[in-house]
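For the sequence shown, my numbering assigns the number 42 to the initial residue and increments by one for each residue that follows.
All remarks here apply to the structure that follows.
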Amino acid sequence: VDQHVTSSHSCLFLLFPSSSSLKYFIILCKFGEQQITDLPQSVTVMVGEDVVLPCFLNPPKDATKMTVEWGRPDLKPRFVFVNLDGKEYSADQNEAFRGRSSMIPENLKHGDVSLKLSDVRISDSGRYRCYFPREKKEYFIELVVGSASSPGASLSGLDVSSSGVMLDCSAAGWYPEPEMFWLDGDGNIMSAGAAEKSTDPDGVYTVSSRVTVEKRNNNNFTCRVQQRDINQSRETHIHVPGGKIKHFNTLTVQML
């Protein structure tokens with residue numbers, strides 16, 4: 042939790058004598074108004090969902106007539122949404138957020154100036170700033186946008202040299218960069234070499250991996266793709282009985 046607080050304060054120290062060797066004192070402090078406090082450092086959302094980036098005044102104060110700027114410092118223009126004296130100011134708004142960014146007017150009365158983004162895209166990932174220009178107060182929050190899909194596994198052929206079976210697995214539409222690995226029937230990670238990865242123009246990943254397996258009593262194998270930053274994992278199970286292949290339903294697993 043990021044405790045970004047800007048306040049002014051003054052303190053008065055009062056010293057009282059005592060019959061003992063100890064002296065007692067009291068500290069009286071007067072603190073100015075805290076503007077922003079106790080907010081998360083990052084928010085994670087999946088592609089296509091809506092998300093709220095929190096920002097509020099503490100103690101609560103009517104922000105209806107205040108000027109509040111939500112922006113991304115790395116963009117030009119940087120403005121995502123601007124509340125100017127109680128009205129939306131869109132003249133300098135970045136086109137990528139037009140029609141997708143908003144504040145809730147009734148919440149402004151209670152000091153809640155959180156930003157809502159609709160239909161989130163991969164390109165929305167980044168560091169956002171909630172800024173009060175008149176008060177010169179600001180708060181930064183990182184938006185992590187994720188994308189995930191289920192992998193597919195298939196039999197690619199036989200390895201003549203080892204009499205083993207080669208299995209392929211691939212998954213597209215992942216962001217940020219995921220990791221892929223194979224598990225045997227006992228849940229142990231198998232040696233499969235480094236997975237191959239590629240990206241499309243939007244930076245979305247496709248990942249693939251091949252493993253050679255030997256026929257054993259337990260010929261159940263799992264291909265798993267995961268991304269810990271967005272708390273996502275997908276896997277597919279495949280069974281190889283006597284050189285034949287059978288697909289099982291793909292399972293979606295939410296990592297804890």
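Note that CB positions come from ideal geometry on N, CA and C, so glycine has one too.
Quick caveat: nothing in here was measured; it's all calculated off a predicted structure.
Cβ pair residue i, residue j closer than 9 Å
i           : j           : result
residue 179 : residue 168 : no
residue 273 : residue 187 : yes
residue 230 : residue 81  : no
residue 198 : residue 207 : yes
residue 263 : residue 276 : yes
residue 149 : residue 92  : no
residue 143 : residue 173 : no
residue 135 : residue 114 : no
Buried or exposed (CB count within 10 angstroms, at least 16 for buried), residue i
i           : result
residue 68  : With a pLDDT of 37 at residue 68, under the threshold of 50, the predicted position of this residue should be treated as unreliable, though the coordinate-derived value follows. Looking at its Cβ environment, which holds fewer than 16 other Cβ atoms inside 10 Å, residue 68 is exposed.
residue 147 : exposed
residue 260 : buried
residue 103 : exposed
residue 112 : buried
residue 165 : buried
Spatially closest choice to residue i from the options, by CA coordinates
i           : options            : result
residue 137 : 207, 162, 221      : 162
residue 107 : 175, 220, 245      : 175
residue 190 : 172, 117, 210      : 210
residue 253 : 204, 240, 238, 280 : 204
Continuous beta strand (DSSP E) stretch holding residue i: start and end
i           : result
residue 229 : Neither: residue 229 is in no beta strand (DSSP E) and is coded neither H nor E.
residue 212 : 205-215
residue 139 : Premise fails: residue 139 is in no beta strand (DSSP E) and is neither H nor E.
Start-to-end residues for the alpha helix (DSSP H) that takes in residue i
i           : result
residue 147 : 146-149
Cβ contact check for the segment 213-221 and the segment 237-248: 3 or more pairs under 8 Å
Output reads yes: the segment 237-248 touches the segment 213-221.
Touching by the beta-carbon criterion (3+ pairs, under 8 Å), the segment 86-98 and the segment 151-160
yes
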